[in-house]
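Trainee: Here's a structure for you.
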Amino acid sequence: MIYRGVEYRLVQSIAPKGWRWSFEYAGRQRSGHKSHREEAFVHLRRSIDQAIRRYDGPQPDSQTHQRHTERDGACKLVGSSIGEAIPGVAD
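Quick note, the numbering used here runs 1 ahead of the 1-based positions in the sequence shown.
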């Protein structure tokens, strides 16, 4: 089955009795076990959401970053030095 583009497995287990879930994301395997199917599915979805945020979240760029300008409330791109504007980028 697929949730948010991530293929996962949710299967009933005999010993220990309950439900096992697993998925792989960004080269890392995650798995868990819960007594009830609904609990397992909720935990599985939370784990997938967490993995997506962790590995696909906003990545700060070492060359440029967005800096909030208080005078107009807009964001502009600035260079690595504070206040140094990037050539070709209009305010």
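Cβ coordinates follow ideal geometry from the N, Cα and C atoms, glycine included.
With a threshold of 16 other CB atoms inside 10 Å of the CB of residue 7, please say whether the residue is buried or exposed.
Mentor: buried
Trainee: What is the DSSP secondary structure of residue 36, counted as helix, strand or coil?
Mentor: coil
Trainee: What are the partner residues of residue 26, as DSSP defines its beta bridges?
Mentor: 29
Trainee: Taking DSSP as the reference, what is the three-state secondary structure of residue 49?
Mentor: helix
Trainee: Rounded to whole angstroms, what's the CA-CA distance from residue 51 to residue 42? Just pull it up for me.
Mentor: 14 angstroms
Trainee: According to the neighbour-count rule (16 or more other Cβ atoms, all chains shown, within 10 Å of its Cβ), is residue 15 buried or exposed?
Mentor: Per the 10 Å Cβ criterion, exposed.
Trainee: Under DSSP, the beta strand (DSSP E) around residue 10 begins and ends at which residues?
Mentor: 7–14
Trainee: Per DSSP, residue 4 is paired with what?
Mentor: 7
Trainee: Just the Cα atoms here: how many angstroms apart are residue 56 and residue 34?
Mentor: Taking the straight line from one Cα to the other gives about 23 angstroms.
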